[in-house]
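Single-structure report; data block below.
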Amino acid sequence: MKKIALSIITVGLLTMSCKENSEKEAQVEETIEVNTTGQTVDPDKMQYADASLGKSAIDFESMDFEVDPQVREEVQAWEALNTFDATIEEVEAPEADIPTYGDRLVAEAKNLSTTIPQSLLTEEVEEDIKDINEEVADLKAILDEEVVDENKVNNQVEELVEAYDDLNEEINETIRKNAKKAQKEMKEPTDNMK
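So this is what it looks like as structure tokens:
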């Protein structure tokens, strides 16, 4: 039963991945055209940057409330989140060679902790990022074992993805709370004028 569910999820991810890959290829071509200044760029760093180029991990278009433009800009500019989001998408892909992501995930998760935008700096967001760091550390420990158990790796990836989903939910909730607070503050002066 678990294998059937995993197969269905895999087919869904592959379908989405194909569309995203063509978008990423277009972004890579654009980046290569722009990066003709003669500077030397580490291809690995360029690959990671391309994965998150122009993409925000938070989907503001689907929000059913007005988001403060400054908050939107802050969140969209949160490169650590966008990079981590792209890496999680890569790790979830069926063809991913997960052991190669260990050190990268550790660095990116740590970077999340140290770069939280002010508008999202809440106890809840910090706690969810702490959970992500713990899940990444657990995954890294499994990957560092002498004999790597693929089932353990897959289970830990699921735990990591779940922790990341929790963070996204909390970010969305924090943005919603901030928007409601701003609307209330805007309404209060007009209420006092009556």
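Residue numbers for the sequence shown follow our numbering, beginning at 1359 and rising by one. Think of the CB as a built atom: it goes at the ideal place given N, C-alpha and C, for glycine as much as any other residue.
Residue range of the alpha helix (DSSP H) that residue i falls in?
i	result
threonine 1445	1437-1450
proline 1457	Looking at the DSSP string, proline 1457 is not in any alpha helix (DSSP H), and its letter there is neither H nor E.
valine 1425	Counting along the chain, valine 1425 falls outside any alpha helix (DSSP H), and DSSP gives it neither H nor E.
When the Cα atoms are used, what is the spatial distance from residue i to residue j?
i	j	result
glutamate 1437	methionine 1544	30 Å
tyrosine 1522	glutamate 1546	36 Å
glutamate 1447	glutamine 1428	27 Å
aspartate 1507	isoleucine 1500	8 Å
glutamate 1528	valine 1425	15 Å
asparagine 1530	threonine 1480	12 Å
alanine 1435	glutamate 1466	15 Å
valine 1505	alanine 1415	34 Å
isoleucine 1487	tyrosine 1459	18 Å
phenylalanine 1423	alanine 1537	7 Å
glutamate 1485	arginine 1534	18 Å
aspartate 1496	threonine 1472	20 Å
glutamate 1503	asparagine 1512	15 Å
threonine 1532	glutamate 1453	34 Å
glutamate 1419	valine 1464	30 Å
glutamate 1520	lysine 1542	33 Å
lysine 1468	alanine 1540	31 Å
leucine 1439	asparagine 1491	13 Å
Given that a residue counts as buried once 16 or more other Cβ atoms are within 10 Å of its Cβ, and exposed if not, what is residue i?
i	result
aspartate 1455	exposed
threonine 1441	buried
aspartate 1400	Confidence at aspartate 1400 is low in this model, with a pLDDT of 36, below 50, so the placement of that residue is unreliable and no value is reported for it.
glutamate 1450	buried
glutamate 1493	buried
aspartate 1443	buried
glutamine 1554	The question about residue 1554 has no answer, for the chain in this structure spans 1359 to 1552.
isoleucine 1390	Low local confidence applies: a pLDDT of 30 at isoleucine 1390 is under 50, so the model's placement there is unreliable, with the coordinate-based value given in what follows. Exposed, by the Cβ-count rule.
threonine 1445	buried
Measure from the alpha carbon of residue i to the alpha carbon of each residue in the options, then state which is nearest.
i	options	result
leucine 1518	Asp1489, Ile1529, Lys1535	Asp1489
glutamine 1476	Lys1498, Val1464, Asn1512, Arg1430	Arg1430
aspartate 1524	Val1483, Ile1533, Asp1496	Val1483
leucine 1470	Asn1526, Lys1542, Gln1541	Asn1526
lysine 1498	Arg1462, Ile1474, Asp1417, Phe1418	Arg1462
proline 1457	Lys1510, Lys1539, Leu1439	Lys1510
glutamate 1432	Leu1478, Val1464, Glu1419	Leu1478
I'd like to know if residue i contacts chain D, where contact means its C-beta is closer than 7 Å to some C-beta of that chain.
i	result
leucine 1525	Reference to chain D is not applicable here, since this structure consists of a single protein chain.
Runs of beta strand (DSSP E) wholly within the segment 1472-1506 (minimum 3 residues, chain order): The beta strand (DSSP E) runs of length 3 or more contained entirely in the segment 1472-1506 do not exist; there are none.
Alpha helix (DSSP H) runs contained entirely in the segment 1508-1551, provided each spans 4 or more residues: Fully enclosed alpha helix (DSSP H) runs of 4 or longer: 1508-1551.
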